Amino acid sequence: MHRLVPALLCATALLAAGPAFGQATPDGAAALKKGLAAILTPTLATPGLGEPIFEGGWTVEPAGAGYSVTGPALSLALRDDDADGRKRVVRIRCDGDRYTATAGEGSVYRLQGETPLRCEIRPGGDEPAVTITSRSRHAELTVDLAASLLTASSDVSDGLTVTEGDKTRIAVHRLTLTSATTPRTGESRAQGSGPARQDIALRVEAEGLSAGDPAAGDGVTLGRLRYSGTLEDVDAAALRDRVWRVIAF
Numbered sequence: 010m011h012r013l014v015p016a017l018l019c020a021t022a023l024l025a026a027g028p029a030f031g032q033a034t035p036d037g038a039a040a041l042k043k044g045l046a047a048i049l050t051p052t053l054a055t056p057g058l059g060e061p062i063f064e065g066g067w068t069v070e071p072a073g074a075g076y077s078v079t080g081p082a083l084s085l086a087l088r089d090d091d092a093d094g095r096k097r098v099v100r101i102r103c104d105g106d107r108y109t110a111t112a113g114e115g116s117v118y119r120l121q122g123e124t125p126l127r128c129e130i131r132p133g134g135d136e137p138a139v140t141i142t143s144r145s146r147h148a149e150l151t152v153d154l155a156a157s158l159l160t161a162s163s164d165v166s167d168g169l170t171v172t173e174g175d176k177t178r179i180a181v182h183r184l185t186l187t188s189a190t191t192p193r194t195g196e197s198r199a200q201g202s203g204p205a206r207q208d209i210a211l212r213v214e215a216e217g218l219s220a221g222d223p224a225a226g227d228g229v230t231l232g233r234l235r236y237s238g239t240l241e242d243v244d245a246a247a248l249r250d251r252v253w254r255v256i257a258f
């Protein structure tokens, strides 16, 4: 009997945990892939160029109790007119991320990834390429597929550098980006008054930042730079789409 009680308690805990301890399924992978595409990579094209913002698509595969997720690369071609009227195209490419995803309550999924940052900006002409890299990176995303929202994110990059050609222009010991999206309820939003609205809290923190060449007296160093703010009563989905369109333009 003394062995039966712990066994029953363990079984009860597993049942209460629900899908977190279940096996991932092909249907779950398909739903997650569709949701991630809608939330994080809307289908837009660069006006005038007709090139997509993202290279490739999402791949999601069952992996035990969770999912193996690979995101598309960011690939932008932006028009940039010089002061003398010359037209050129600036190309920006950032490698895609890899995550492991686990199901939470309802339609919520949590993603974690360790893909280091790598972006390359090619201005065109005779100007050297600008490369942004990090030594390591840890990213966490929480998405709600039913609401089609990124509800929380955390992105920590260590050893971030911005180089132009063979010269380091900016170095950051640690860069932290976080966001949290909270639905507005009760008196803050009247029922039936249109699309759901949210508050979005944002925070950016850079530790150990240096730019230029401080040793030569031509640069700046900062121990810590921090910004935080809140966007109140916004339609997060509409804001997301507007931001992507601004980037594309």
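The sequence shown begins at 10 in the numbering used here and counts up by one.
C-beta: ideal position from N, C-alpha, C; glycine also.
These numbers were taken from a predicted model, which means no experiment stands behind them.
| query | result |
| --- | --- |
| Roughly how many angstroms separate the alpha carbons of A74 and D222, rounded to a whole number? | 49 Å |
| Return the CA-CA distance between Q32 and K96, expressed in angstroms with no decimal places. | 53 Å |
| What do you get for L146, buried or exposed, if any count of 16 or more other CB atoms within 10 angstroms of its CB means buried? | Leu is not the amino acid found at residue 146; the sequence shown has Arg there. With 16 or more other Cβ atoms within 10 Å, it is buried. |
| Alpha carbon to alpha carbon, what distance is there between S84 and E214? | 26 Å |
| Expressed to the nearest angstrom, what Euclidean distance is found between the alpha-carbon atoms of R235 and V252? | 22 Å |
| In this structure, how does DSSP classify L240 when only helix, strand and coil are distinguished? | strand |
| Within 8 Å, do at least three Cβ pairs link the stretch 120-138 to the stretch 96-111? | yes |
| Grab me the residues of P137's own chain with a C-beta within less than 6 Å of its C-beta, minus the 5 sequence neighbours each way, in chain order. | E173, G174 |
| Thinking C-beta only, is S166 closer than 8 Å to T187? | no |
| What is the DSSP secondary structure of P71, counted as helix, strand or coil? | strand |
| Compare the Cα-Cα distances from T177 to each of V139, D208, T194 and report the closest residue. | V139 |
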